[in-house]
Amino acid sequence: RPASFRYRAVARYRLSQYRECIPDFERVIDLGESSPTIFGQLAYARRETGAFSGALEDFDRGLALAPENGWLWGNRGVCQYELRDWRGSIEALDRAEQLGEQGTYIHFHRSRAKAELGDDPGALKDLDALISAVPWASSNLILRGRIQLRMGRSEDAARDFTRALAADASSF
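Counting with the numbering used here, you get residues 7 to 178 for the letters of the sequence shown.
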């Protein structure tokens with residue numbers, strides 16, 4: 007019986023039907039089935055629906071079963087970012103990266119958390135990695151330019167803003 011709920015939950019999850027899959031994942035857990043994957047998918051679905059505190063609890067339940075799961079750490083870091091827990095977000099994203107998790111989402115959220123904390127050199131390092139992977143995303147170039155201005159580097163900032171304008175123009 008839990009398998010039916012699990013299959014439906016996973017199908018809905020894969021279809022990005024996050025609100026619909028949450029009760030099914032909860033039912034699977036209530037029926038005694040649990041795994042890092044189930045907790046991770048439930049947590050991700052909660053995060054996507056804005057239930058960040060519940061998502062953190064579910065990420066923690068998954069991490070209790072699989073503390074070396076980089077995907078869980080990374081998504082926990084994104085959730086902490088959404089809750090404006092900048093330090094916690096950076097720590098979780100760092101842990102994810104140490105465990106081999108890769109993805110622009112790590113650099114994206116970590117750069118912004120570092121910028122919020124005033125770690126401009128750290129934010130620039132992540133932004134450089136992010137811009138290298140996604141050069142057409144003007145929001146990254148704009149943030150980089152704003153940080154350059156804050157650091158008193160007006161010429162570098164002007165170059166970043168010019169690149170952002172070019173990236174915007176090329177996306178039309």
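Just so it is clear, CB atoms sit at the ideal spot from N, CA and C, and this is done for glycine as well.
- What residues in its chain sit with their C-beta under 6 Å from that of F45, if we drop five residues either side in the sequence? Taking the first residue of the sequence shown as position 1, residue 45 is located at position 39. D64, R67 and G68, listed in sequence order.
- Item | At least three beta-carbon pairs within less than 8 Å, the stretch 113 to 129 to the stretch 90 to 98 | Yes, the stretch 113 to 129 touches the stretch 90 to 98.
- Are the CB atoms of R150 and L171 nearer to each other than 8 Å? Translated into the one-based positions of the sequence shown, residue 150 becomes position 144. Translated into the one-based positions of the sequence shown, residue 171 becomes position 165. In this structure, L171 does not lie closer than 8 Å to R150 by Cβ.
- Does the distance from the C-beta atom of W79 to that of R101 stay below 8 Å? Sequence index remark: in the sequence shown, residue 79 carries index 73 (1-based). Sequence index remark: in the sequence shown, residue 101 carries index 95 (1-based). Between W79 and R101, the C-beta spacing is below 8 Å.
- Message: As a quick exercise: from C85, R14, S160 and I148, pick the residue whose alpha carbon is nearest that of Y111.
- Response: Here residue 111 refers to the residue found at position 105 when the sequence shown is read from its first residue. It is C85.
- Message: Tell me the rounded alpha-carbon separation between A143 and I137.
- Response: If you number the sequence shown from 1, residue 143 lands on position 137. If you number the sequence shown from 1, residue 137 lands on position 131. Answer to the nearest angstrom: the Cα atoms are 7 Å apart.
- Rounded distance between the beta-carbons of L130 and I148, thought under 8 Å: Within the sequence shown, numbered from 1, the residue matching residue 148 stands at position 142. Within the sequence shown, numbered from 1, the residue matching residue 130 stands at position 124. In fact, because the Cβ distance is near 13 Å, the residues do not count as touching under 8 Å.
- Tell me which same chain residues have a C-beta within less than 6 Å of the C-beta of W92, skipping the five on either side of it? As a working mapping, residue 92 is identified with position 86 in the sequence shown. Closer than 6 Å at the Cβ level, and outside the excluded window around W92, lie A119, E122 and L123.
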